[in-house]
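Numbering (full-length UniProt numbering), first residue to last: 1 to 166.
And the structure:
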């Protein structure tokens, strides 16, 4: 069991975040068209997974906006924003914000993603949501970078995540 904090209070996180050099775990998530997608959906592309609790929180909204901005400069790369938000809410958020360089994916039908990817908040009031993390994959789905953000209210290290794509 891993731990992070939220405003200094400890939160348990189940699973193990994929480490640099590992093959990414399998995943099935749901996109805004209610279609299930897997890593194979993005074959041949590098992937930045911005894993967040919900786009309805200030830090999550900020990181989604920031990755949207950064994504426009990344060749052969897709930025996937993963949360437990319903696809309708994520689509509405991106539409209202004018975000078109990120794809939002939901764990709502596939909660197994959270533990398989080491981001399952558990044993606390936030159970069922994802911890904040960033995982960067190459085109062959090998992990180039991973970060489980130690304080839930903090943003991820954008520079470190994108440095591996240079």
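Using N, Cα and C, we set each Cβ at its ideal position, and we do this for glycine too.
Where the beta strand (DSSP E) containing residue 120 begins and where it ends = 120 to 122
Minimum C-alpha distance to residue 60 - residue among 93, 137, 123 = 93
Which first and last residues belong to the beta strand (DSSP E) in which residue 50 is found?
-> 46 to 51
Between residue 133 and residue 106, which are expected to be in contact by the criterion C-beta below 8 Å, what is the C-beta distance as a whole number of angstroms?
-> In fact, because the Cβ distance is near 16 Å, the residues do not count as touching under 8 Å.
Could you spell out the range, first to last residue, of the beta strand (DSSP E) harbouring residue 6?
-> 2 to 6
Could you give the uninterrupted runs of the beta strand (DSSP E) lying entirely in the region 88 to 118, keeping only those of 3 residues or more?
-> 102 to 106
Residues bridged to residue 146 [DSSP beta-bridge criterion] = 135
Kindly list the residues whose CB is nearer than 7 Å to the CB of residue 19, restricted to its own chain and excluding five residues on each side of it in sequence; keep chain order.
-> 143, 146
Name the two residues that bound the continuous beta strand (DSSP E) containing residue 9.
-> 9 to 14
Under 8 Å by Cβ, that's how I've got residue 53 and residue 129 pegged, so tell me the actual separation to the nearest angstrom.
-> 4 Å
Pull up the DSSP beta-bridge partners for residue 83, would you.
-> 106
Using alpha carbons as the reference points, say which of 43, 17, 159, 37 lies closest to residue 139.
-> 43
Bridge partners - residue 78, DSSP secondary structure assignment = 47
In whole angstroms, what separates the C-alpha of residue 104 from that of residue 46?
-> 16 Å
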